[in-house]
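Notes follow the structure.
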Amino acid sequence: MTSTDTKADYTAEEIKAYEAYLSALAEHNITCARAGATTKQKMDAAFAADRALKHFFEVAGHTPHSTRSPEDIRTIERMTKEMGDMVEATRSAWSMIRAADSMRVIEYRASNVDQDDHNACVCLIQDAEVILRKLIAKADGA
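full-length UniProt numbering applies: residue 1 is where the sequence shown begins, and numbers increase by one.
Here it is in structure tokens:
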């Protein structure tokens, strides 16, 4: 089945099942990309994604594990690579912010910098730290 053979109107239940599958697949990719993840953790995540996929197929009325088109396989491979790239970019951004923070130059305002601008910059960096910390924790399975 190609993408041109699929229907355009999906039910709320189909969409919900598909989103649950994407979430499980993302969790699997994050687990597999996590440094130190055990084989058991990776397999548990894979089986959870498989269960979500089977549920989606059941809701959508498709036969599970039917042959995928080459286009679908390329899309899956591309998305898997993109997910890994995003995890690595998140880790790099976290490291960069932590390094800048460790230099202890962010909290000190240069005399030629407006106090409000400096405060806003510090808040933005702290907010970015919080977001990246949460993403790293999620990638590490916490």
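Cβ coordinates follow ideal geometry from the N, Cα and C atoms, glycine included. Values in this document were obtained by computation on a predicted structure and should not be read as measured data.
#### Entry: Burial state of F56, where buried means 16 or more other Cβ atoms lie within 10 Å
The residue in question, F56, is buried, as its Cβ has 16 or more Cβ neighbours within 10 Å.
### Query
Cβ atoms of N29 and residue 179: under 8 Å apart, would you say?
The chain is shown only over 1 to 142; residue 179 falls outside these bounds and no answer can be derived.
### Three-state class that DSSP yields for R68 in the structure shown
Of the three classes helix, strand and coil, the one that applies to R68 here is coil, per DSSP.
### Query
What is the DSSP secondary structure of M96, reduced to helix, strand or coil?
In the structure shown, the three-state DSSP call for M96 is helix.
### Task
Assign L124 to buried or exposed, taking buried as 16 or more other Cβ atoms, counted over all protein chains shown, within 10 Å of its Cβ.
Residue burial is scored here from C-beta neighbours: L124 has fewer than 16 other C-beta atoms within 10 angstroms and is therefore classed as exposed.
### Query
To which residues of the same chain is L25 closer than 6 Å at the C-beta, ignoring the five residues directly before and after it?
Cβ-Cβ distances below 6 Å link L25 to A49 in the same chain, with the five nearest sequence neighbours on each side left out; the list follows chain order.
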